[in-house]
Amino acid sequence: METILVLAHTETDGSLAKPVREALHTAATLHKSLAGSKLVIGLVGDNVQIAANSIAACPATKYFGVTGAEFSQSRYATDAAAAEAICKAAQATIVVAPATSRWARVLPGVAQRLGGRADTHVTGVGAADGKITVNRWYYRQRMEGALTRTQRPWILGIDPGSQTSCDCGAGAASVEMVAVNLTDAAKRTTVVGIREPKADAQTIRPDAQLLFVTGAGWTKKQADGQTHLPEAGTLILDFLKQSRASLGSSKSLVDLGGEGQAVLPFLSHMNQIGQTGATPRHSKGLSTCCHGEEPHTVGWRFIGERRAVNLDPNCGWARGKADVLYVADAFKVMTKVNELLAAGNT
Ligand SMILES: Cc1cc2nc3c(=O)[nH]c(=O)nc-3n(C[C@H](O)[C@H](O)[C@H](O)COP(=O)(O)OP(=O)(O)OC[C@H]3O[C@@H](n4cnc5c(N)ncnc54)[C@H](O)[C@@H]3O)c2cc1C
127 METILVLAHT
137 ETDGSLAKPV
147 REALHTAATL
157 HKSLAGSKLV
167 IGLVGDNVQI
177 AANSIAACPA
187 TKYFGVTGAE
197 FSQSRYATDA
207 AAAEAICKAA
217 QATIVVAPAT
227 SRWARVLPGV
237 AQRLGGRADT
247 HVTGVGAADG
257 KITVNRWYYR
267 QRMEGALTRT
277 QRPWILGIDP
287 GSQTSCDCGA
297 GAASVEMVAV
307 NLTDAAKRTT
317 VVGIREPKAD
327 AQTIRPDAQL
337 LFVTGAGWTK
347 KQADGQTHLP
357 EAGTLILDFL
367 KQSRASLGSS
377 KSLVDLGGEG
387 QAVLPFLSHM
397 NQIGQTGATP
407 RHSKGLSTCC
417 HGEEPHTVGW
427 RFIGERRAVN
437 LDPNCGWARG
447 KADVLYVADA
457 FKVMTKVNEL
467 LAAGNT
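My numbering puts the first residue of the sequence shown at 127, with every later residue one more than the last.
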């Protein structure tokens, strides 16, 4: 009989982030299709009661918690010790965990401590005839694999954004506290603060509906024989501010920035989409001034509806890569789009 543990950490305000609800939905669905299985929840944080209450209506039969100031922050030693203690207390055989950056760096180590196995970037979990199958992508999202394991505990890091969120309601949950004996070594690392970009400088937004891609065309000479970099930067930032879209880029454009040239300073390699970049998940994508070559568009695998604006009717997007190609000047199109957004049109 499998004991399925949803292992999560709380946010600083004590709430649970969306990836936790996705992991919970995955685990609850698995629990439903595995006769005789048990579903339990394990939470780590300063105080986990608010989080446990927020999902109290889920089908889990038990809640475990590790709490205290040491567990409020992301730190490998304390997080690994807390996760290990909860897995042991719950006697978990399957651990379903959201692959947040905090958890992703801890889960493989926890599997090692428990003599189990961990699989990362999991995008699907199912069961048939009592056998659990896990799906994940390989070779930069070109091939999807399905695998099973007999080793337990089996820890599954669920890729955020790949699953439906559970809609379990709130209630009153009773949490069984698990004690963790932290060694001196575990307390050796002190978190003195977090350095992160200001909220309005953060252009990568995994939860956004729209991926807005910028290509090198924004930096090229335009019909008047001149480049229009400052104007391009203003148009793009204005659009991002109004639409709250996530900003992606072609490799050519971020490479220019990396060479220290005076081009769109808000772009870095973190924004790059494609074979050697990211493969984000958004329901819609809009590409501007980008040619749509295969090494770039391979990163659009998980983008639902795709549209592109390009001056060239023979660009890559026209060859089956986009649902709609607007053969138009992106400077003019985005000026108009920004005007419409400012006027309240969505
Ligand atoms: C091994 C390898 C890995 C790679 N990995 C990646 C990757 O991960 N991601 C990636 O992006 N690329 C990758 N590339 C590079 C990729 O092949 C392309 O070179 C790159 O994507 C081109 O970027 P671009 O479309 O922005 O630029 P360009 O090819 O220069 O295209 C610019 C486009 O802008 C259009 N344009 C210009 N002005 C306007 C305007 N006013 N309005 C509308 N359109 C306009 C032009 O018509 C043109 O189509 C890789 C290449 C290799 C060899």
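Even glycine gets a Cβ: it sits at the ideal position worked out from N, Cα and C.
message = Going by beta-carbon coordinates alone, are residue 410 and residue 431 separated by less than 7 Å?
response = By 1-based counting over the sequence shown, the position of residue 410 is 284. By 1-based counting over the sequence shown, the position of residue 431 is 305. A contact, by the Cβ cut-off of 7 Å.
message = Please tell me whether residue 289 and residue 152 are closer than 7 Å, where the distance is taken between their beta carbons.
response = For the purposes of this step, residue 289 is taken as residue 163 along the sequence shown, with counting starting at 1. For the purposes of this step, residue 152 is taken as residue 26 along the sequence shown, with counting starting at 1. Contact: yes.
task = Would you mind sorting residue 255 into buried or exposed? The rule is 16 or more other CB atoms within 10 Å of its CB.
result = Reading the sequence shown from its first residue, position 129 is the one you call residue 255. It counts as exposed.
task = Could you name the residues that DSSP lists as bridge partners for residue 414?
result = Your numbering for residue 414 matches position 288 in the sequence shown. According to DSSP, residue 414 bridges with 340 and 435.
task = Under 8 Å by Cβ, that's how I've got residue 226 and residue 145 pegged, so tell me the actual separation to the nearest angstrom.
result = Translated into positions along the sequence shown, residue 226 becomes position 100. Translated into positions along the sequence shown, residue 145 becomes position 19. With a Cβ gap of about 6 Å, residue 226 and residue 145 count as contacting.
ask   = Below 7 Å between beta carbons: does that hold for residue 216 and residue 131?
value = Residue 216 sits at position 90 when you count from the first residue of the sequence shown. Residue 131 sits at position 5 when you count from the first residue of the sequence shown. Yes, Cβ-Cβ distance for residue 216 and residue 131 is below 7 Å.
request  = May I ask which residues mark the beginning and end of the alpha helix (DSSP H) holding residue 346?
outcome  = Translated into the one-based positions of the sequence shown, residue 346 becomes position 220. Annotation: residue 346 is outside any alpha helix (DSSP H) and is labelled neither H nor E by DSSP.
Identity of the residue in 242, 185, 134 and 279 nearest residue 128 by Cα = As a working mapping, residue 128 is identified with position 2 in the sequence shown. The residue from 242, 185, 134 and 279 with its alpha-carbon nearest to that of residue 128 is 279.
message = Tell me whether residue 133, by its Cβ, gets closer than 6 Å to a heavy atom of ligand 2.
response = Absent from the structure shown: ligand 2. Ligands present: ligand 1.
task = Could you spell out the range, first to last residue, of the alpha helix (DSSP H) harbouring residue 279?
result = Within the sequence shown, numbered from 1, the residue matching residue 279 stands at position 153. According to the DSSP assignment, residue 279 belongs to no alpha helix (DSSP H), since it is labelled neither H nor E.
Limits of the unbroken alpha helix (DSSP H) element including residue 443 = Position 317 of the sequence shown, counting from 1, holds the residue named residue 443. Looking at the DSSP string, residue 443 is not in any alpha helix (DSSP H), and its letter there is neither H nor E.
inquiry  = For residue 466, count the other beta carbons within 10 Å of its own beta carbon; 16 or more makes it buried, fewer makes it exposed. Which is it?
reply    = One-based indexing of the sequence shown puts residue 466 at position 340. Around the CB of residue 466, fewer than 16 other CB atoms lie within 10 Å, so the residue is classed as exposed.
request  = Would you mind working out which of 201, 173 and 414 sits nearest residue 72, comparing C-alpha positions?
outcome  = The structure shown does not extend to residue 72, since the chain is modelled only from 127 through 472, so no value can be given for it.
key: Nearest candidate by alpha-carbon position, reference residue 307, set 259, 273, 210 and 297   = The residue given as residue 307 occupies position 181 in the sequence shown. Nearest option by C-alpha distance: 210.
Contacting residues, own chain, Cβ-Cβ under 8 Å from residue 434 (five flanking each side not counted) = Counting from 1 along the sequence shown, the entry for residue 434 is found at position 308. Closer than 8 Å at Cβ, skipping near neighbours: 412, 413, 414, 416, 418, 441, 443, 447, 448, 450, 451 and 452.
key: Cutoff 7 Å; reference residue 277; Cβ partners in own chain excluding five residues on either side   = Taking the first residue of the sequence shown as 1, we reach residue 277 at position 151. Excluding positions up to five away in sequence, the list reads 242 and 243.
query = Going by beta carbon distance, what residues of the same chain come within less than 7 Å of residue 208, once the five residues before and after it are set aside?
reply = By 1-based counting over the sequence shown, the position of residue 208 is 82. Once the five neighbours on either side are set aside, the close Cβ partners of residue 208 are 170, 192, 197 and 306.
Where residue 257 falls: helix, strand or coil (DSSP) = For the purposes of this step, residue 257 is identified with residue 131 of the sequence shown, where counting begins at 1. Three-state result, residue 257: strand.
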